[in-house]
């Protein structure tokens, strides 16, 4: 036994071999290429065909960008410079850039105002979008709509201040009456606000020069600014409205339930463009001539109603997905309807509804270009109307539509990325 | 209760509309601005430039009316309208006059209750083909594919024309002029047909306009002119005679260069004196100042000057006067006398 131990065994290695690199085709970039691009005959052919198409697109598009002309004053001058070579005439973008952004009638020395409002929007939206930010930032969010209105439309700062005071008065009345009942407080608050606003004119008229910016009428708004105003305002208004409609549809109160059902089904059964025509054309017959019911306001109301109906259905889906036990549990804890909705039901239902709501929001933002058919000059309206109809730029297509794509894509993509992030944040494990 | 309030509001609204329709001239004077409906953009006829100023042939008519009524060619609020919204905008009183290359037809005049104040451009439907096709007359177009805007009178005119000449064609429906341009260039259709002025503007935007020809046949009548609402004859007269003044100014030789001199004092041509208000009371009869026509002509020049500046032969659009020449030059412009 000991004998066998003392004798070294010839075929057992006692020193480790140095680690070797794996074969070239088993790991590393070449292996990746083989595994992902040339795995079998069929996949290899597909890869080659795809590469060929990519080559075609790049070789076709590259000279167009590379030879692009950026500083002429008309399409004819572009063609003179290019002398028959392939090349984009991007000068239409540089020459008409302010028009693409702000429309053709917004006074050029006031461009800073919508720009400031745009950047302020990020600060105002941040605390709503990211709940790790300090809650005090919500004050910015509350003030922002009034300041943005003042910046974009101009006029005296007194007007938005009085509007805000009206809301505060309404809130105070609401809190005073709330102990009687919620509905009583709500009605009282709304009445107080309306009464305050209707007497507001006596203060704002004489003070119309105080802190006044040059007023810009609504029909002078245009370009991407108009899309953005419509998109932001309508999304933020239609979300609460849609939630209320969804709750109303599930209500036990018959009249409220049927009002909500009829509203949702009617709006969903009508194309948006029809509603826009109604806003633009048909309302003109009913309003006295010269009455100042702002066109943008009419369009905002129509788009908001439209998307609110869709959001209501999305939220209803979220509510329906919750087990009934949640509501019963809330009831057994002694919570009333408002509390159980606010604390138990809605947070869960809305979390389920996030993808659907984001879908509606992205669609809504893109649908704002439909206002171009009712002769409003949003981004698409500017391109189709004034720019393509000018003698200088008649015949420039690709450059302008590509620019429109580049305006919309980052925002829509950003919204959808945010929603995915939000879903991950709120994932508390239902699967 | 609610219902009666609603109907009451509607009655007030319709009453107000009735009052407004009865005195557009007074409304415009009181407002200090003319609301003029134009297109959202048509090359040469109306489009805002890089500074946001509206330019074009139809815009010139708006400015002349504003100058005649208010003395200021800048006192115009241009209201852009599409083909779909233009008539309701006029009927609802949102605009005072529509100057948007609108064809004067029976049904628009009679059935839609509008009044055409005259014709500022005589257009007609034509054909454009690539030179390489080797066609010199529309009657040789047997079997051709034709790009055509759907839902327009051009579509019906085209069908009529091919039927009368007993030849066949294949329509390629398109939505807008802007859409037709690339389609035609890519060869999706052999022929493009629309109003002759539109053809000229489209051709002017091509990279090689020389490779395309506009055929000589004009197959329809398209008299384009400004229009107002039925039933307000005073306002209709103002628009009609402002347009007439621009045309008459060319005929008698009033231009923006010599108008200051001619209008300073009565000269020895009585017609010029009556137009410019140095003699007679024509302005008073219209309810305007004596120098109304002078202001209108000074706004952008006479008819010929507005034409040459916006769509004439020296512009990229390059339209010749053709039918739109004075009757003395073999055209159709023939205004009643200023007397």
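Chains as they are written, first to last, in our numbering: chain A, 1 to 431; chain B, 1 to 339.
We put the beta carbon where it would ideally sit given N, CA and C, even for glycine.
Using the beta-carbon count (16 or more within 10 Å), is residue 202 of chain B buried or exposed? On the second chain, residue 202 of chain B is found 202 positions in, with the first residue counted as 1. Looking at its Cβ environment, which holds 16 or more other Cβ atoms inside 10 Å, residue 202 of chain B is buried.
Is it buried or exposed for residue 28 of chain A, if we count other Cβ within 10 angstroms and need 16 for buried? Mapped onto the first chain, residue 28 of chain A falls at position 28. It counts as exposed.
What does the alpha-carbon distance come out to for the pair residue 248 of chain A and residue 317 of chain A? Looking up residue 248 of chain A in the first chain gives position 248. Looking up residue 317 of chain A in the first chain gives position 317. Taking the straight line joining both Cα atoms gives about 14 Å.
Length of the line joining the Cα atoms of residue 30 of chain A and residue 23 of chain A: The count along the first chain starts at 1 and reaches residue 30 of chain A at position 30. The count along the first chain starts at 1 and reaches residue 23 of chain A at position 23. About 10 Å.
Please go through the same chain and pick out, in chain order, the residues whose beta-carbon is closer than 7 Å to the beta-carbon of residue 360 of chain A, but skip the five residues on each side of it. Taking the first residue of the first chain as position 1, residue 360 of chain A is located at position 360. Within the same chain, Cβ atoms closer than 7 Å to the Cβ of residue 360 of chain A are found at 307, 310, 311, 314, the five residues on either side in sequence being excluded.
Listed by chain order, chain B residues near residue 95 of chain A by CB distance under 9 Å: For this step, residue 95 of chain A is matched to residue 95 along the first chain. What residue 95 of chain A touches in chain B: 50.
Does any residue of chain B have a CB that is nearer than 9 Å to the CB of residue 111 of chain A? What you label residue 111 of chain A is simply residue 111 of the first chain in a count that begins at 1. Not one chain B Cβ lies under 9 Å of residue 111 of chain A.
Taking residue 273 of chain A as part of the beta strand (DSSP E), name the residues at either end of that continuous run. In the first chain, residue 273 of chain A corresponds to position 273, counting from 1. Premise fails: residue 273 of chain A lies in the alpha helix (DSSP H), 272-277, not in any beta strand (DSSP E).
The segment 251-263 of chain B in contact with the segment 154-168 of chain B per 3-pair CB rule at 8 Å: Because the criterion of three Cβ pairs below 8 Å is not met, the segment 251-263 of chain B and the segment 154-168 of chain B do not touch.
Uninterrupted alpha helix (DSSP H) stretches inside the segment 84-135 of chain B (no shorter than 4 residues): 86-91, 106-110
Under a three-way DSSP split, which group does residue 321 of chain B fall into? If you number the second chain from 1, residue 321 of chain B lands on position 321. Three-state result, residue 321 of chain B: coil.
Is it right to say residue 377 of chain A is buried, meaning 16 or more other beta carbons lie within 10 angstroms of its own, or is it exposed? Translated into positions along the first chain, residue 377 of chain A becomes position 377. Buried.
Flag this pair as yes or no: are the beta carbons of residue 303 of chain A and residue 283 of chain A separated by less than 9 Å? As a working mapping, residue 303 of chain A is identified with position 303 in the first chain. As a working mapping, residue 283 of chain A is identified with position 283 in the first chain. No; because the gap between Cβ atoms is not below 9 Å, this pair is not in contact.
I'd like to know if the segment 235-242 of chain B and the segment 132-146 of chain B are in contact, where contact means that at least 3 CB-CB pairs between them fall below 8 Å. no
Shorter than 9 Å from the beta carbon of residue 426 of chain A to some beta carbon of chain B? Within the first chain, the letter at position 426 stands for residue 426 of chain A. Not one chain B Cβ lies under 9 Å of residue 426 of chain A.
The segment 205-220 of chain B: which residues have C-beta closer than 8 Å to a C-beta of chain A, in chain order? 205, 206, 207
Identified DSSP bridge partners for residue 195 of chain B: Against the second chain, residue 195 of chain B aligns to sequence position 195. B/125, per the DSSP bridge assignment.
By the criterion of Cβ-Cβ separation under 7 Å, what are the contact partners of residue 181 of chain B in chain A? Working through the second chain from its first residue, we reach residue 181 of chain B at position 181. Simply 395.
In terms of residues, what are the limits of the alpha helix (DSSP H) holding residue 183 of chain A? Residue numbering aside, residue 183 of chain A sits at position 183 when the first chain is read from its first letter. Unbroken alpha helix (DSSP H) run through residue 183 of chain A: 182-198.
Quick one: what's got a C-beta closer than 8 Å to residue 127 of chain A's C-beta in the same chain, skipping five residues either side? Numbered from 1 along the first chain, position 127 holds the residue referred to as residue 127 of chain A. So the list reads 133, 134, 135, 137, 138, 140, 141, once near-sequence residues are dropped.
Sequence-distant residues of the same chain with beta carbon closer than 7 Å to residue 173 of chain B, five excluded per side: In the second chain, residue 173 of chain B corresponds to position 173, counting from 1. Correct list, in chain order: 148, 150.
Can you give me the start and stop residues for the alpha helix (DSSP H) that residue 424 of chain A sits inside? Numbered from 1 along the first chain, position 424 holds the residue referred to as residue 424 of chain A. Element bounds for residue 424 of chain A: 398-426.
Tell me, please, which residues DSSP counts as bridged to residue 172 of chain B. One-based indexing of the second chain puts residue 172 of chain B at position 172. In the DSSP assignment, residue 172 of chain B is bridged to B/147.
Anything in chain B within Cβ reach of residue 403 of chain A, meaning under 8 Å, just list it in chain order. Position 403 of the first chain, counted from the start, is the residue given in the question as residue 403 of chain A. Here the premise fails: no neighbours, minimum Cβ distance about 16 Å.
Contacting residues, own chain, Cβ-Cβ under 8 Å from residue 21 of chain B (five flanking each side not counted): On the second chain, residue 21 of chain B is found 21 positions in, with the first residue counted as 1. Here the model assigns residue 21 of chain B a pLDDT of 46, short of 50, so the residue's position is not dependable, and the following value carries that caveat. If you ignore the 5 residues before and after residue 21 of chain B, its C-beta comes within less than 8 Å of the C-beta of 93, 229, 231, 232, all in its own chain and listed in chain order.
Check whether the segment 398-413 of chain A and the segment 110-123 of chain B are in contact - that is, three or more C-beta pairs closer than 8 Å. no
Does any residue of chain B have a CB that is nearer than 9 Å to the CB of residue 59 of chain A? To locate residue 59 of chain A, count along the first chain from 1; it is residue 59. Cβ-Cβ to chain B under 9 Å: no for residue 59 of chain A.
Where residue 193 of chain B meets chain A, residues with beta-carbon distance less than 9 Å: By one-based count along the second chain, residue 193 of chain B stands at place 193. Counting only Cβ-Cβ distances below 9 Å, residue 193 of chain B has no contacts in chain A at all, with the closest Cβ about 18 Å away.
So residue 223 of chain A packs on residue 102 of chain A, CB below 8 Å; how close in whole Å? Counted from its first residue, the first chain places residue 223 of chain A at position 223. Counted from its first residue, the first chain places residue 102 of chain A at position 102. Yes, residue 223 of chain A and residue 102 of chain A are in contact; Cβ-Cβ is about 5 Å, under 8 Å.
Option nearest residue 255 of chain B by Cα separation, candidates B/268, B/275, B/236: Position 255 of the second chain, counted from the first residue, corresponds to residue 255 of chain B. Closest by alpha carbon: B/275.
So residue 192 of chain B and residue 180 of chain B are in contact, right, with Cβ under 8 Å, and what is the actual spacing, rounded? Within the second chain, the letter at position 192 stands for residue 192 of chain B. Within the second chain, the letter at position 180 stands for residue 180 of chain B. Correct: roughly 6 Å between the Cβ atoms.
Of the residues B/183, B/271, B/283, which one's Cα is nearest the Cα of residue 337 of chain B? Taking the second chain and counting its residues from 1, one reaches residue 337 of chain B at position 337. Per the Cα distances, B/271.
At least one CB of chain B closer than 9 Å to the CB of residue 414 of chain A: is that the case? Reading the first chain from its first residue, position 414 is the one you call residue 414 of chain A. Chain B contact via Cβ: absent.
Straight-line CA distance for residue 109 of chain A to residue 222 of chain B? Here residue 109 of chain A refers to the residue found at position 109 of the first chain. Here residue 222 of chain B refers to the residue found at position 222 of the second chain. About 42 Å.
Closer than 9 Å between beta carbons: that is the criterion. Which residues of the segment 59-84 of chain A meet it against chain B? 73, 74, 75, 76, 79, 84
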